[in-house]
Every structure is written in C-alpha cells, then in structure tokens.
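Student: Attaching a single structure in structure tokens format; questions to follow.
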Amino acid sequence: MKSKYKSFKKQGIKIFTRTISIMFLFGIIVYGVYAYITLNNEKQIQQTHSNEMFLEFLDEVNTCYNTYNSLQHTIQSNSDNNTKIKYYEKSLVFKRHKEPTYESGNCLPFTFANETGVSTENYTGIIEYESFRNSISDEDYQEIYEYIHKKPDEKDFNSRYTLSCSECIYGYKNTESPHYTSIIYPTKLEVLKINDNIDWYDQAEKVKEYILDQSYMELSETRTNKIGKTYLNEIAVSFFDGIFYQSCITDEEIDTVFDNTSNGQFNSIYDAGEFNYIYYNTFNENYNVEMADNITQNYTDRFCYFHKYNILSECSDELITMMIYILTSFTTMGILIAFMSWHTLKKQIMLEEKRRELTNSMAHDLKTPLFVISGYAENLLENVHTDKKDHYAQMIYDKANELNGMVHNMLELSKLESNSFNPQKEEFDLVSATKEILLQFNGSNNFNILLEGIDKANITADKGLIKRAISNFIQNAEKYSENKQAIIDISSNKFKISNQCTKIKANEVKRLWEPYYVGENSVRNNGNGLGLSIVKNIMQAHNFDFGAELENDKIVFYFTF
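Taking my numbering, I'd label the letters of the sequence shown as residues 510 to 1070.
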C-alpha cells in the first residue's frame, strides 16, 4: 500500500510540475506578445502626444526684438497649461546661426523694466539658473520658497506672494555680434504681497527684501538697473523652483539628437535606449537686422523643442496589472489542467488496479469449484469408490451450479456498471416484494428472518433489481450472522436489515461494497464478495442513498427511497 501511495504521489508531482511549467511558459509568451504590442502602441501615442504639446507650447512662446537686435523669448510659466507633460521632461534650445544661444534647461528669458523718470527702458536677456541659485544663500532660498508657495491669507483667495527682481545688472557674455548673449543678474529680490487688483509695483505690499551675492557675475560689459514704480518684474515660480533646470534630458542626448538629424528635419523620434525616446521638433523664425551703411542682414533663429519620455514607465501600471492577470490566469489554468489530468490518470490507475484485483479474485473463486469438479470427475473416470458415484455426481452438479452462479453475478455486475444501463422503474409495494423474497429463505439452514415496520410502503424503482438487492442483503446476513437471525425493518422511505456481527471492524465497513472484498468469515461461509457490490450498483442506478453502520454488535445495511 505504501509503495502504491509513493507511486501515485510521484506521478502526481511529475504531472503538476510539467503542466504548470508549460502553462507558465505559455503565459510568459502571451504576456511578451501583449507587452510588445502595448509598448509599440504607447510609442505611437507618446509621439502624437508630444507633437500636440509642441504645437500648444508654440502658442506660449512670444518672440520679439529689441533695439540691440537680440532675440527675446518669453515662455509663459502657467503650469496648468502643461499638465500633460512634466516640465523636467522637456528641454528648449534656441539656436542662432546654428549655434545654441541658450537653453530653457538652465536659463529664464526675462525682460527687466527700468524706469528713469517718466521713461521706461526694457532690457531683455537671460537669467542663468546656476548663477542665480548660487547668489542666494540656502537660508534665504528656503525662506523665499516658503513665501511664494503659501497664501498670505487663507480667507482671501485673491491674494498671493510673488518674487520681484527690483535691481539687476545687465550685460553681455560675448560682444561679437551677432553671437552675443544678453545676461541679467538679479542683485536685489523682494517678496511682494499682491492680489488680482494690483498691477503696479508701487501698489504692492513689500514683505521682505534680499541682497544677492554678485561674485558669480561673469560679464564683459555691465549696466546697473533699478525698478521703478510701475512694473513688478516678477520671476516665475517654476524657474525659482529649478523645474527647468532639472531637465532629465542631458546635454549629451541633445547633442546626439542634433548629430543624428538633418538641419531641416522636424517632428522626429530618437531612440535613446532602455525604452527612452526623445521627440524632436523645430520652429524657424526669420528676421532682418539693419547693419552699418544701411545694409540689411537676414538671420534665422531656430526654436528647438525636445521631449523625453519612457514608454515603459508610461504604461508600467498596465503592464504590471496584465502580467499579474495573465501569469495568474495561466498558472491557475495549469493547476486546474494538472488536477484534472491527475484525477483522470488516478482514476485510470485505480480502474486498472481494480481490474487486476477483480481478475485475480475471479481466478481464485473459479479455481476452487473447478478443482473440486476436476477431482470428482477423475474419480468417476477411474472408477474409484464406485459406491460413491451418486455422491460424486451430486458434488459435480452442485459445484457447476456454484460456478454458474458466479458467472451470472459477474455478468450482472458488469451490466450494472455499464454507462448505458437504465433501470425500468415502476411503482410497487416494497413490503409485499420483501415478503415474496422471504418465502425463499425462511426455514432454510435454520436461519430466521423477522419482518418489522409498516404494512405497506410504495416505492418507484426497478422491481426486479430491488428484489435482487434485498435478496443479496439477506444472503449476506445468512452467511455472516452469528446468531442465525436477521431483522428487516421497513418504514415509509427506508429499508433496513441488521444481523449480529462482532468480527467486522469499523475500518472495514466502507470496504464491504467493494467487489470480491469479504470479511473474516469468507472461507467458512464461501462468500465471493460480489453480492454487496451488485447492491451498490443497483442503488447508484436509482440514485438511492445507502450505507452500512455498526450498532451495538450489529451491522445494519440500509437504503432510502
């Protein structure tokens, strides 16, 4: 039994391991195809999205020219217009004559309004973030940050703090026209409290001022400017926070994109590796500059837009969800298939084992009467004990009948186990049918049967099969009853037969229904173990509840109808 259990267990583990592994591998393949399609779709979506954002961003860039013929680009800092793409994913490069003049990643286009008396001069240039940040102490930076990121009055929704550049130094990094770059270095900042009704600097409430360190200035030509009464000269909060400066697009990547795209190429995608892609687009601005001797020179400035995105991170939630779903589904399917395969295989193994046991039992049961018949027939042929010829003939006849009964039981059991078998049901009185059977047993072999219960119990079933089942119950009781008595009790929906039996153990009761299984009295009582198996199949064919149980040194067989 232990070796059989180990064999079943070993085969079960092998089936489960192979099936689940195959289904898991198949799930990985399906997920790989799904991920490939999803990533390619996301790539197309992001390219379309980036192009739409580029067109929207162009509307936020205003271009004009001052008296110094320097290009002024003012980028609106309203983050509400750019919720679809994070600031740090974008980088802007303005090129003059194919040479970069500045990038949005490290500088802010800024116009400083300088008022002298009744006149106002606008100085346009670039505030470089690195020098701007270095000129502010960490303590002052933190204090300014807290001001411009909170409301002065929670009850007044219109009021806010803003950062104003009240004094600056203006100059150039390169005086060789037309490649010079105008630089603005703020030297004094003020935190102002304003609201929607305040448009002038003189109307704002001055909260605190900060003097900046000027040691970071690198200018070949300088000019000091101070704020007047009118213009606020606000510095964008996004620039102060370093949002543009923290661009995830490196200078090397920008240079690589330039190297891999032609001068006139636009709306292109560069594969930066590891699922990173850089969208690149351009916008050209042509303008004329009047030179000396009334000569007009034509120039072209190029607005270069970069947007870096990672298609894996963009759809990571979807991919993770589908990975869990697909692998869980296929693994579960693998477990179910393995379980069903193992269940089928186990059933086949058990059927084969059952067939082998049946064959062995049949051979054993048939061998005994055949051996007796052979012996007595041999005596008759050799004229041994001629005075016992009648006895020999009677024994041969009895054993032949016994063999015939065995074969009949085998054929009947085979018929009942067939899937095509259907009982012929009719309504009849179970009590009357039982009495008909008892007429065949009462008084035989000194075996006494008592019938108790009601006088009539209607049942709808195959009458012949039910009578055969009751007959088998009685034969079983006759063979194994220790006091040569059985009691039959019939109620309106239950048939019971009991007899005294002390040698059956509790763990044997369930096995009594198995073919060729007999108790300890099998040899003495010539039991072949098919009677109760036939009863079991008859009850199952009728979908009747049936069973056996031990009660006070008695074994009780029953079925309900």
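Every residue gets a Cβ at the ideal spot worked out from N, C-alpha and C, and that includes glycine.
#1: For T969, which beta-bridge partners are listed by DSSP?
#2: I need the DSSP call for Y989, collapsed to helix, strand or coil.
#3: Based on the DSSP secondary-structure assignment, which residues constitute the bridge partners of N819?
#4: Does the beta-carbon of W709 have 16 or more other beta-carbons within 10 angstroms, so that it is buried, or is it exposed?
#5: Is the stretch 1039 to 1054 close to the stretch 993 to 1001, with three or more CB pairs under 8 Å?
#6: Taking just the CA atoms, how far does N910 sit from L974?
#7: The ligand FMN heavy atoms versus the CB of W851: any closer than 6 Å?
#8: Name the two residues that bound the continuous alpha helix (DSSP H) containing K1045.
#9: Here's a check: name, in chain order, each residue in its chain whose Cβ is nearer than 8 Å to the Cβ of A942, leaving out the five neighbours to either side.
#10: Judging by CA-CA distance, which residue of A986, I635 and Y1067 is the nearest neighbour of Y681?
#11: So for G751, helix, strand or coil by DSSP?
#12: For D998, which beta-bridge partners are listed by DSSP?
#13: Skipping 5 residues on each side, what residues in its chain have a beta carbon closer than 6 Å to that of Y719?
#14: Classify K944 as helix, strand or coil using the three-state DSSP reduction.
#15: Just checking, does the stretch 945 to 964 make contact with the stretch 982 to 997 on the three C-beta pairs under 8 Å criterion?
#16: So, is L1021 buried or exposed, given that buried needs 16 or more other C-beta atoms within 10 angstroms?
#17: Helix, strand or coil for F1066? Go by DSSP, reduced to three states.
#18: Going by alpha carbons, who is nearest to A622 out of N643, E676 and K523?
#19: Residues in the same chain with beta-carbon distance under 8 Å from C963, minus the five sequence neighbours each way, listed in chain order, please.
#20: With contact counted as at least three CB pairs below 8 Å, one residue from each stretch, are the stretch 851 to 861 and the stretch 820 to 827 in contact?
#21: Could you tell me the boundaries of the alpha helix (DSSP H) in which E655 lies?
#22: What distance in whole Å lies between the Cβ atoms of I657 and F749, which are believed to be in contact at a cut-off of 8 Å?
#23: Figure out for me which residue from L912, K817, L879 and M832 has the closest Cα to the Cα of F535.
Tutor: In terms of the structure at hand:
#1: Under DSSP, T969 takes part in a beta bridge, and its partners are E936.
#2: If DSSP states are grouped into helix, strand and coil, Y989 belongs with the helices.
#3: When beta bridges are read from the DSSP output, N819 appears opposite N785.
#4: That one is exposed.
#5: Contact between the stretch 1039 to 1054 and the stretch 993 to 1001 is absent, because fewer than three Cβ pairs lie under 8 Å.
#6: About 22 Å.
#7: The ligand FMN is not part of the structure shown, which contains no ligands of any sort.
#8: Looking at the DSSP string, the run of the alpha helix (DSSP H) that includes K1045 is G1040 to H1051.
#9: Scanning its chain for C-beta atoms nearer than 8 Å, with the 5 sequence neighbours on each side dropped, one finds around A942 the residues K972, I975, K976 and I979, in chain order.
#10: For Y681, the closest C-alpha among the options A986, I635 and Y1067 is that of I635.
#11: In the three-state reduction of the DSSP assignment, G751 falls in the coil class.
#12: Per DSSP, E961 and K1005.
#13: Closer than 6 Å at Cβ, skipping near neighbours: D649 and L698.
#14: The answer is helix: DSSP assigns K944 an H, G or I state.
#15: Touching, yes, given that three or more Cβ pairs across the two stretches are closer than 8 Å.
#16: Buried, because 16 or more other Cβ atoms sit within 10 Å of the Cβ of L1021.
#17: Strand.
#18: Of the candidates N643, E676 and K523, the one whose C-alpha sits nearest the C-alpha of A622 is E676.
#19: According to the sequence shown, residue 963 is Ile rather than Cys. Result list for I963: V940, I999, S1000 and S1001, in chain order.
#20: In short, these stretches do not touch, since the Cβ pair count stays below three.
#21: First-last of the alpha helix (DSSP H) with E655: D647 to I657.
#22: Taking C-beta atoms under 8 Å as the contact rule, F749 and I657 qualify, at a distance of about 7 Å.
#23: Ranking the options by Cα distance to F535, first place goes to M832.
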